[in-house]
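**Student:** One structure, pasted below without further comment.
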Amino acid sequence: EVQLVESGGVLVQPGRSMKLSCAASGFTFSSFPMAWVRQAPTKGLEWVATISTSGGSTYYRDSVKGRFTISRDNAKSTLYLQMDSLRSEDTATYYCTRETYYGYNFDYWGQGVMVTVSS
Amino acid sequence: DVVMTQTPVSLSVSLGGQVSISCRSSQSLVHNNGNTYLSWYLQKPGQSPQLLIYKVSNRFSGISDRFSGSGSGTDFTLKISRVEPDDLGVYYCGQGTQYPRTFGGGTKLELK
């Protein structure tokens with residue numbers, strides 16, 4: 807069974823940093839691109855970033871480029887999101903997702919972790 | 411960026427009924443490789459989103475045949491037949507043809 811378990815969410819002040827982790831199991835982690843998708847309170851889904859299988863290619867939405875860094879450790883089957891210079895508009899539930907080659911979609915999602923940016 | 415527009419924003423349905431949700435993209439979703447990467451997701455209350463349909467009309471593993479997707483280019487539709495209580499929630503379309511990946515604003519399906 808595919809499982810994605812996020813951790814690291816908490817309350818943080820504007821301008822500070824936070825790192826999210828996602829532990830994956832039930833599939834060959836190194837064979838799939840991975841992504842983070844977020845959802846602000848009462849809002850819709852917003853893609854944040856994607857990383858290729860090797861980690862050699864990364865893609866970001868413009869609003870987080872230069873502030874967020876997606877990375878992965880295939881030996882540990884773990885996905886990360888380093889978030890720097892956090893803003894109030896980054897407040898959201900962050901979902902770890904598996905991105906597929908067959909549909910360029912997100913076929914499995916974690917339970918999500920809440921990140922609140924507030925003073 | 412590809413803008414995804416869903417209509418309606420909300421929908422009321424009776425159990426056993428049928429509904430359709432529309433999704434339009436601001437650009438063609440046909441990829442250079444000829445595939446069209448349009449997906450549908452359902453977010454049930456208090457849960458994470460789940461994949462229903464990928465590449466316009468392919469049902470994901472374990473998804474009932476009551477869900478069907480159709481469309482091409484920039485115009486897509488999700489149909490749900492014989493609606494059950496477990497179908498209620500917010501439906502999102504999403505495109506994977508180009509970065510940034512984008513989603514529609516969502517359609518809330520409620521009981522009449």
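Top to bottom, those sequences are chains C and B.
Each residue of the first sequence is one higher than the last, beginning at 807 in the numbering used here.
Each residue of the second sequence is one higher than the last, beginning at 411 in the numbering used here.
Think of the CB as a built atom: it goes at the ideal place given N, C-alpha and C, for glycine as much as any other residue.
No experiment lies behind these values; they were computed from the predicted model shown.
To which residues does DSSP link C:ILE876 through a beta bridge?
**Tutor:** DSSP lists C:LEU887 as partners of C:ILE876.
**Student:** In chain order, what residues of the same chain lie with their CB nearer than 6 Å to the CB of B:LYS489, ignoring the 5 residues before and after it?
**Tutor:** These residues qualify, in order along the chain: SER430, SER478.
**Student:** Give the interface partners of B:LEU488 over in chain C, defined as CB-CB distance under 9 Å, in chain order.
**Tutor:** In chain order: nothing, as chain C lies at least about 14 Å away.
**Student:** Using 8 Å as the cut-off, can you tell me whether the segment 847-862 of chain C makes contact with the segment 501-520 of chain B, which would need three or more C-beta pairs spanning the two stretches below that distance?
**Tutor:** Enough Cβ pairs lie closer than 8 Å, so yes.
**Student:** At what residues does the beta strand (DSSP E) containing B:ARG434 begin and finish?
**Tutor:** Where B:ARG434 is concerned, the enclosing beta strand (DSSP E) stretches over 429-435.
**Student:** From the DSSP output, in three-state form, read off C:ASP868 for me.
**Tutor:** C:ASP868: helix per DSSP, three-state reduction.
**Student:** Check C:SER827 in the structure and name its three-state DSSP category.
**Tutor:** DSSP places C:SER827 in strand when its eight states are reduced to three.
**Student:** Does B:GLY504 come within less than 8 Å of chain C when only Cβ atoms are used?
**Tutor:** Judged by the 8 Å Cβ criterion, B:GLY504 is in contact with chain C.
**Student:** Who are the Cβ neighbours of C:LEU885 in its own chain at under 6 Å, not counting the five residues just before and after it?
**Tutor:** If we look at C:LEU885 and ignore the five residues flanking it on each side, its Cβ neighbours are CYS828, MET840, ARG878, CYS902.
**Student:** Run down chain C in chain order and give the residues with a C-beta less than 8 Å from the C-beta of B:VAL518.
**Tutor:** The question names Val, but residue 518 of chain B in the sequence shown is Lys. Under the 8 Å cutoff, chain C gives no residues; its nearest Cβ is about 11 Å from B:LYS518.
**Student:** Could you name the residues of the segment 903-920 of chain C whose beta carbon sits closer than 9 Å to any beta carbon of chain B, in the order they occur along the chain?
**Tutor:** Correct list: THR903, GLU905, THR906, TYR908, GLY909, TYR910, ASN911, PHE912, ASP913, TYR914, TRP915, GLY916, GLN917, GLY918.
**Student:** Can you list, in chain order, the residues of its chain with a C-beta nearer than 7 Å to that of B:ASP485? Leave out the 5 residues immediately preceding and following it.
**Tutor:** So the qualifying residues of the chain are ARG434.
**Student:** Where does B:ASP475 fall in DSSP's three states?
**Tutor:** Coil.
**Student:** Quick one: Cα of C:GLY832 to Cα of C:SER883, how far?
**Tutor:** Approximately 10 Å, taken between the alpha carbons.
**Student:** Evaluate the contact criterion for the segment 810-817 of chain C versus the segment 859-868 of chain C: three or more CB pairs, one atom per stretch, below 8 Å.
**Tutor:** Touching, no, given that fewer than three Cβ pairs across the two stretches are closer than 8 Å.
**Student:** Could you check the C-alpha separation between B:SER458 and C:VAL808 for me, to the nearest Å?
**Tutor:** Approximately 14 Å between the Cα atoms of the pair.
**Student:** So B:THR446 and B:LEU439 are supposed to be a Cβ contact under 8 Å. How far apart are they, rounded?
**Tutor:** Right, the Cβ-Cβ distance comes to about 5 Å (below 8 Å), so this counts as a contact.
**Student:** Looking at the secondary structure, which residues open and close the beta strand (DSSP E) in which C:PHE912 lies?
**Tutor:** Residues 912-915.
**Student:** Would you say C:LEU851 faces chain B, with C-beta separation under 8 Å as the test?
**Tutor:** Answer yes: the Cβ-Cβ gap between C:LEU851 and chain B drops below 8 Å somewhere.
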